[in-house]
Amino acid sequence: MWLVEEPHIRNAHFPLNNNHLLAFNFIEKYGPFTPSEFKKLFSIKFPQLKNMARKLFYDLYNYGKIARMGGKKQKPLYHAIEKLPYKLDLSQIGEKEAKEWLFLKCLSIYGPFTIKDIAHWVGWNITETKEILGILLEKKKVKKVKIESHQENHYVRVEDLALLNLLSNDLPESSFIRILFNDDALLLGYYRRLRNYFGYHWKYPQLSEGIVWRAAILYGRNLIGEAIVEMYAKSRFFKVKKLILRKEFVSSEISFKIEDEFMRHAEFQNKILEMADPKLV
Amino acid sequence: MVETYSKEVVKEFALQRLRLTPSTLGKNKNDVPSVVRAIGGLQDGGHKIELFNRFENFKPEWFDYWYENYALIDGHVLRGALRIVNVDEYPYFFMATRSVARRRAAYQKCPLSFK
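Here the protein sequences come in this chain order: A and B.
Just add 34 to wherever you are in the first sequence, counting from 1, and you've got the numbering used here.
Just add 4 to wherever you are in the second sequence, counting from 1, and you've got the numbering used here.
Next up, the structure:
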């Protein structure tokens, strides 16, 4: 049975109150709902709460009581988190424990990262990122390392040192092409250091530019250029415009691989490839 | 002693962990959750392109299968952006990013239980 402590209801710092409880019970019993569906149906049953229905709904989402679970007609559906086919109980995990987990998760993906890199990836501020680092250093789960020609300290999971050492002794050849989407994990994680590490300053497209996809072209361990991709739903064409390539990477073999990879993407989108000639930089 | 690594080593590490190198690509539907887990989730919107780059021959319905069965769910984690993560990792992503969410407008201290 749900209990609501009266003092908390009246305390502005504890915004979940009896109205939230009514909303939660309604979602748990009749959900899942899109936000609009919830507002409509909840307001019929509780007309006095009509004006705050949407706020109650999003409060419950922000507080982890409900979660997005699939969708209906391009709208997200939300349900009580207990309805997931997995026993999730957010109250069993502390914020500090979760932050340590996410810090380590970040390092497991990217390897040596600076405090700023980790803070940027998660959205934490530097102070809180340093706090978590301190705990993990003390627990000997992370270690400080240096990267050649970099002054800043980098940190790595202790368990990943073996792979780094292995790669130091035997670095594989790399000649594959990947055409990365704007939000690809590589571009997100390395956003501030793409030029420094991968040799090309790819910029995330701003809304005002009206660009849906500024593809970053990865060739092995280098970013070698970019292109604007248009693939409108109503068009048969997958258009590669404003193709820019670093001149030191231009060869017939690489050009063929790039075209081949764009062709694969076009086929994946069920479209016909149209590709501009590259501009060399 | 502090170990020093070259940039090439660090990049190769990241590309392997991000499942972008040929030897780390996924092969079939069953690999979708492990790929999503390995790369820290997918950004909602371009997620199928992100997966396409990490499989030998990706089919969009492979993602749909896991999403429709709630093995993958989306939530506003990591910088407040909508991200698709493995369901068992969702509580950690969610709780670890409450400080990020609290800095946003109209967000107050989050009680985790009504009790």
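For every residue, glycine included, the Cβ atom is placed at its ideal position computed from N, Cα and C.
Item                                                                                                                                                                                      : Value
What are the residues that DSSP puts in a beta bridge with Trp247 of chain A?                                                                                                             : A:Val263
Could you check whether the Cβ of Glu243 of chain A sits closer than 8 angstroms to any Cβ belonging to chain E?                                                                          : The displayed structure is made up of protein chains A and B, and chain E is not among them.
Restricting to runs no shorter than 4 residues, where is the alpha helix (DSSP H) found entirely within the stretch 108 to 169 of chain A?                                                : 129 to 144 and 149 to 156
Need the endpoints of the alpha helix (DSSP H) that Asp328 of chain A sits in, please.                                                                                                    : Summary: the structure shown does not reach residue 328 of chain A, with chain A confined to residues 35 through 315, and so no result is reported for it.
Closer than 6 angstroms by C-beta to Ser209 of chain A: which residues in its own chain qualify, once you throw out the five before and the five after it? Chain order, please.           : Gly254
In the DSSP assignment, the beta strand (DSSP E) including Ile306 of chain A goes from what residue to what residue?                                                                      : Ile306 to Met309
With which residues is Thr101 of chain B paired in a DSSP beta bridge?                                                                                                                    : Thr101 of chain B is not bridged to any residue.
Decide yes or no for the touch test of the stretch 152 to 172 of chain A against the stretch 230 to 240 of chain A: beta carbon pairs closer than 8 angstroms, at least 3 of them.        : no
Answer with yes or no whether the minimum CB distance from Ser142 of chain A to chain B is below 8 angstroms.                                                                             : yes
Going along chain A, which residues have a C-beta under 8 angstroms from Tyr71 of chain B?                                                                                                : Gly104
Label Met5 of chain B either buried or exposed according to how many other C-beta atoms from any shown protein chain fall within 10 Å of its C-beta, with 16 as the threshold for buried. : exposed
Pull up the distance between the alpha-carbon of Ala57 of chain A and that of Leu90 of chain A, whole angstroms please.                                                                   : 7 angstroms
Looking at the structure shown, is His299 of chain A part of a helix, part of a strand, or coil, going by DSSP?                                                                           : helix
Exposed or buried, Lys73 of chain A, counting other C-beta atoms within 10 Å across all chains shown (16 or more means buried)?                                                           : buried
Go ahead and label Asn73 of chain B buried or exposed: buried means 16 or more other beta carbons lie within 10 angstroms of its beta carbon, across all protein chains shown.            : exposed
With 16 other CB atoms within 10 Å as the buried threshold, where does Thr161 of chain A fall?                                                                                            : exposed
So is Pro95 of chain B in contact with chain A if we call contact Cβ pairs under 8 angstroms?                                                                                             : yes
If you measure between the beta carbons of Phe272 of chain A and Glu295 of chain A, is that distance less than 8 angstroms?                                                               : no
Which term fits Lys133 of chain A, buried or exposed, when burial requires 16 or more other beta carbons within 10 angstroms of its beta carbon?                                          : buried
Below 7 angstroms on C-beta distance, what does Thr101 of chain B contact in chain A?                                                                                                     : Val156 and Gly157
At which residues does the beta strand (DSSP E) containing Arg102 of chain A begin and terminate?                                                                                         : Ile100 to Lys106
Using the C-alpha atoms, what's the distance from Gly84 of chain B back to Ala105 of chain B?                                                                                             : 7 angstroms
State the CB to CB distance for the pair Asp48 of chain B and Leu19 of chain B, rounded to an integer number of angstroms; the pair is presumed to be in contact (CB under 8 angstroms).  : Contact flag wrong, Cβ pair sits at about 23 angstroms.
For Lys291 of chain A, does the three-state DSSP call read helix, strand or coil?                                                                                                         : helix
Check the Cβ-Cβ distances between Glu65 of chain B and every residue of chain A, and say whether any is below 8 angstroms.                                                                : no
In whole angstroms, what separates the C-alpha of Lys15 of chain B from that of Leu241 of chain A?                                                                                        : 30 angstroms
Which of the three DSSP states is assigned to Asn52 of chain A in this structure?                                                                                                         : helix
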